[in-house]
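Since the structure comes first, as structure tokens, the remarks are kept for the end.
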Amino acid sequence: MERSIQQNGLVNLVISLAAGAAAFIVARYTNSLAGQVSVLFLGLGTLVAAVSWFQMRLEHSEQLEKLEFDELARTHGDSALFEVRDAEVFPAQRSREQFERFFVPIFTLVLCLAEAGGAYFFWRWLSSSSTTPNLKQPMAGMFIFFLLALVLFLLGRFSATYARLEKQRLLRPSASYLLLNAVLCAIVGAGIIGVQARIPRADLYVAHILCGLLALVGVETLVALVLEIYRPRVKGKVGRPLYDGRLVGLLGQPEGLITTAAQAIDYQFGFKVSETWFYRFFERAVLWLLPLQLLLLILSTGLVIIEPGEQALLEHFGKPVEGRPVLEPGPHFKWPWPVDKIYRFRTEQIQTFEVGSAPGSEKEEDRAVLWTVAHTRGEEDNFLVANREAVTAGETNQPASKRTPPVSLVTGSIPVLYQITNVVDWAYENEDAPSLLQDIGTREIVRYLAGADLTELMSSGRLEAGQALAQRIQTASDAHRLGARIIEVGLQDVHPPVKVAPDYEKVVAATQLKEARILAARADEIKTNALAGAQATTVVDLAESEALARQVGAMAHAGLFTNQIPAFEAAPSVYLQRAYLSTFARSTANARKYLMLATNTHDVIVFDLQESIARDLLNLKVPSPK
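Numbering-wise, our numbering puts 345 at position 163 of the sequence shown, and it's gapless, one number per residue.
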């Protein structure tokens, strides 16, 4: 083997190691998730390049050993020195055979475990809630990853072509990994571009794709290792290196797909479709058809259509365009990307954010939910609320450590509805307006609830509290020039924590029972006082009427006596007789009377005092004749 092949393999090793170190530093600095996953591919490529270079040195030593042996055999003839066994004469060959028999399979197994373990670890890490895509210095990261892609592509292309022309099988694995890592670095840079194009999770999506690709490479390595165990050995035939993955080579050199597709088409149609003029034309023109399509795609970005209810900001090389910074709904022409960029905002849409519930939690909105049941499927935050109830004398005399603090806890999801009114202030006056507005809303809600009364908040004061909170958040957002209008703050979901809700319901029930009893006592008090007052008024009125009747009767009796004296003096006997008859008539008014009309007779009268006839029949009124 020529020394230039070893030098090329060593250069591949050094470049892979340097690119891996640079990619690791840049990925950690920019917090690129896809970049951190690509570092594992670069590390695997470095290991493959190291093993490949070491195997090149072993084969080179074996080749030099054979040349020396042939030279000695030609100069010394058939000496007994050269009649010993090959294992003693060719130690370099034995070392190379032992290396291929034991070390290469073990290294391939370790490589497979590293690929599978890395895919599993990174997938779990990317799927965890603590992993959030938050790029820092994206332009620097994009530039360095594209630069690494260019360097790796040039060196990998040269090594792959050199290995194909010189039929150097040991140079092909490192060249394939160089080309694959070049493609992956370009994909990482494209993911960063996606983040810059207002796709915030583009880097995370690329990282998941790389994890899936790593798992596929691990499966392919495992299958190759199993097939190598059962592969029949043919003496004198040199096999493909076990760590040289076909999937890696195919992904690093996608033009091989065209050749494979041509062979498949030829097999399906039964003739050489790949030799027709159209296929030849397409094969030659594919290199300029793809750039032409890319150019047309870039030119198509010169026309944008702003949807109804939207407004867009137009930037020229990252700066607002004077005279037309805000684009209204409708078609607009601009310079193609990346010269001009637009950023869309839903200015007529009522947007919302929630305070008090964990991100990603789902609310129970399809049915009524009691306080004893969690309103969201995630965790809910607790808010400190004041309690203005009067402290009793017994609580005042207790030590401060045992005294119940005049505060309570409430929980719930508090939605804040807002609308973007000034898109320029919303985009340019603050770095992250939605997050800032949510932080302001959270701060004002916490401050307000800390000074509010629990009883008023949970009963009649919700509407006033929501209005006051909306005004507070609006004032704070105006101070930061957010360009948003706070429409409403909803406190309908505020409730006690689920753990204390049953006890809170008992307190509320006791309070309501207390109020009911107080109202019943007040009603009984009103009823008793009213009845007593009526009875007192009746007694007083009866006494006054009795006194008046006695006074009038006494005065009438006195007046009668005064008028009787002249009548008595005028006719005493007549007066006495008349008085007697009047008294007799009054006394016998209700007595039964018998008239005896016969005179000069001696009758015997027998009285039977038993009632034999109804009194009403004897007291019939006889109508007077008309």
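We put the CB at the ideal spot given by N, CA and C, even for glycine.
Query, Result
"In chain order, what residues of the same chain lie with their CB nearer than 8 Å to the CB of residue 608, ignoring the 5 residues before and after it?", "527, 602, 615, 664, 665, 666"
"If I'm right that residue 424 touches residue 286 with Cβ under 8 Å, what's the distance once you round it to whole angstroms?", "5 Å"
"For residue 289, does the three-state DSSP call read helix, strand or coil?", "helix"
"DSSP beta-bridge partners for residue 514?", "486"
"Looking only at its chain, what residues have a beta carbon closer than 6 Å to the beta carbon of residue 668, apart from the 5 residues adjacent to it on each side?", "600, 652, 655, 656"
"Taking DSSP as the reference, what is the three-state secondary structure of residue 425?", "coil"
"Is residue 662 near the ligand FMN, with its Cβ less than 7 Å from a heavy atom?", "The ligand FMN is absent from the structure shown, which contains no ligand whatsoever."
"Are residue 220 and residue 385 closer than 8 Å when you measure CB to CB?", "no"
"Quickly, what does DSSP pair residue 344 with across the bridge? List them, please.", "Paired residue(s): none; residue 344 is not in a bridge."
"Classify residue 635 as helix, strand or coil using the three-state DSSP reduction.", "strand"
"Pick helix, strand or coil for residue 768, following the three-state DSSP scheme.", "helix"
"Against chain E, with Cβ distances strictly below 8 Å, would residue 519 count as a contact?", "The structure shown has no chain E; it contains just one protein chain."
"Curious, which full-length alpha helix (DSSP H) runs of at least 4 residues does the segment 705 to 780 contain?", "754 to 769"
"I need the DSSP call for residue 693, collapsed to helix, strand or coil.", "helix"
"With distance defined between alpha-carbon atoms, name the residue in 732, 207, 298, 505 nearest to residue 405.", "298"
"Note the first and the last residue of the continuous beta strand (DSSP E) segment covering residue 526.", "522 to 528"
"Count the other CB atoms within 10 Å of the CB of residue 190; is the residue buried (16 or more) or exposed (fewer)?", "buried"
"Suppose contacts are defined by Cβ-Cβ distances below 8 Å. Is residue 402 in contact with residue 428 by that definition?", "yes"
"Classify residue 240 as buried or exposed, calling it buried when 16 or more other Cβ atoms lie within 10 Å of its own Cβ.", "buried"
"In angstroms with no decimal places, state the Cα-to-Cα distance between residue 358 and residue 224.", "12 Å"
"If I follow the unbroken beta strand (DSSP E) through residue 507, where does it start and stop?", "First-last for residue 507: undefined, no H or E at that position."
"What is the DSSP secondary structure of residue 493, counted as helix, strand or coil?", "strand"
"Are the segment 609 to 628 and the segment 677 to 687 touching, with three or more C-beta to C-beta distances below 8 Å?", "no"
"Between which two residues does the beta strand (DSSP E) holding residue 596 run?", "596 to 602"
"As a quick exercise: from 257, 479, 242, 305, pick the residue whose alpha carbon is nearest that of residue 275.", "242"
"At which residue ranges does the segment 652 to 689 contain complete beta strand (DSSP E) runs of 3 or more residues, listed in the order of the chain?", "666 to 671"
"Can you give me the Cβ contacts of residue 535 inside the same chain, cut-off strictly under 6 Å, excluding the 5 residues immediately before and after it?", "598, 620"
"Could you tell me which residues DSSP pairs with residue 372 in its beta bridges?", "BP columns for residue 372 are empty, so no partner."
"So the candidates are 196, 743, 624, 516; which of them puts its Cα closest to the Cα of residue 565?", "624"
"Decide yes or no for the touch test of the segment 702 to 716 against the segment 624 to 641: beta carbon pairs closer than 8 Å, at least 3 of them.", "no"
"Three or more beta-carbon pairs under 8 Å between the segment 364 to 380 and the segment 333 to 341, yes or no?", "yes"
"Distance, Cα to Cα, residue 195 vs residue 392?", "22 Å"
"Return helix, strand or coil for residue 568, following the three-state DSSP convention.", "strand"
"On the three-state DSSP scale, how would you describe residue 395?", "helix"
"From this set, 785, 499, 397, which residue's C-alpha is nearest residue 294's C-alpha?", "397"
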